Amino acid sequence: MSEDLESRLRAALRPVAPGDEFTQKLIARVAADRRSPSKAPSARGRSPKPTTWWLSASMAASLLVAAGIQHQVQERRERERGLEARREVIEALRVTSQKLELAYEAIKSQSSSPADDASGV
Amino acid sequence: MNEATQDFSDEEFARARAGEAAALASLIRAHQRSVYSLALRMLGARDLAEDLTQDVIMQLNGNLISIASNTHLVFWLRRVTTHRAIDQLRRRARVETTPLDDEASHSSTVDSGDPLLQRHLQRLLWDLSPPARAVLLLRYQEDLDPIDIAKTLDMPINTVKSHLKRSLETLRQRMPSSEPSRCEGKST
């Protein structure tokens, strides 16, 4: 059954030819295309290829270098921003510590003064 | 690209590649049948098939220098024709096209026995997806094995095999019996 179907397919799908007129026109068109001078640049169009390749390669390299530099600059900026934040935190801690020290001193002096008053009266 | 292309020798190919007009003409005569048949059965209309055949041959004319041998040429033509046909079908995916009713009887070179059966087969072929149709055509029109079909269509071998299996199954279910009298009765 399968072989039968396959042989029927092969028979039905035999290549068919286009009309003779079409073939003649096609051959004439190909011949004209070969003769046309505009064909010459495309045949020689291979010579600029190495230049194009080098141009593409150098552009890609430039892009890579630029991307690398930008990455480094950004990294340095982030590091500086981190250091600045660290300095600010330390400063804030120092100020807080001073305030606490002052508050402690104030409380300490207040708690000691009523006793002095009491002993004085 | 069956008998005709095998007749085209590597020597003739070299002469065509060198630009000899007569050799180029015989190259076109030898290979256009296969290109045109693939295009016709893929696209389903004679004018579209002629346009595609012309485009492929003109593209070949521009690329002939990069083609190494007659075998390479046959591979190149099948590859370019099927890919371009599939692309074209994808572009006009939902546009109504005429199935191959008139096309099958067009060429005087068709010698496939029962014309009604052929018409019916071609209508069934038209119902397959473009890649499945290309696989079937390369298998049964061009007589390629699944490995060569996979190379031609840039398709995994298992995909080729499953397309073939499913398409044959579909055709088997919808094909009339192999007895000629019953075929004719059903296929109009």
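Just so you know, the protein sequences line up as chains W and F, in that order. Residues in the first sequence are numbered from 1 upward in steps of one, following our numbering. Residues in the second sequence are numbered from 1 upward in steps of one, following our numbering. For every residue, glycine included, the Cβ atom is placed at its ideal position computed from N, Cα and C. Remember, it's a predicted structure, so these values are computed and weren't measured experimentally.
- The residue among W:A28, W:S111, W:A12, W:L64 with its C-alpha nearest the C-alpha of F:Q54 is W:A28.
- Inclusion of F:R17 and F:I65 in the CB contact set at 8 Å is warranted, their separation being smaller than that value.
- Put simply, the CB of F:A22 is far from chain W, with every gap to its CB atoms at 8 Å or more.
- For a Cβ distance threshold of 7 Å, nothing in chain F lies close to W:E21: the least Cβ distance comes to about 10 Å.
- Against chain W, the CB of F:A25 has a partner CB under 8 Å away; the residue lies at that interface.
- Note that the stretch 150-157 of chain F does not touch the stretch 112-130 of chain F; fewer than 3 beta-carbon pairs, one per stretch, sit closer than 8 Å.
- Cβ neighbours of W:R86 within its own chain (closer than 7 Å, five residues either side excluded): none.
- The beta carbon of F:R166 is closer than 8 Å to those of A132 in its chain, skipping five residues each way along the sequence.
- No residue range can be given for F:A18, since it is assigned to no alpha helix (DSSP H) and is classified by DSSP as neither H nor E.
- The beta-carbon distance between W:L9 and F:Y140, rounded to whole angstroms, is 4 Å. This is short enough to meet the 8 Å contact definition.
- DSSP places F:E169 inside the alpha helix (DSSP H), whose first and last residues are 157-174.
- Secondary structure note for F:V74: its alpha helix (DSSP H) is the uninterrupted segment 70-91.
- Counting every other CB atom within 10 Å of its CB across the protein chains shown gives W:L63 a total below 16, marking it as exposed.
- Taking a contact as a CB-CB distance under 8 Å, the pair F:L77 and W:L13 does not count as one, their CB atoms being some 17 Å apart.
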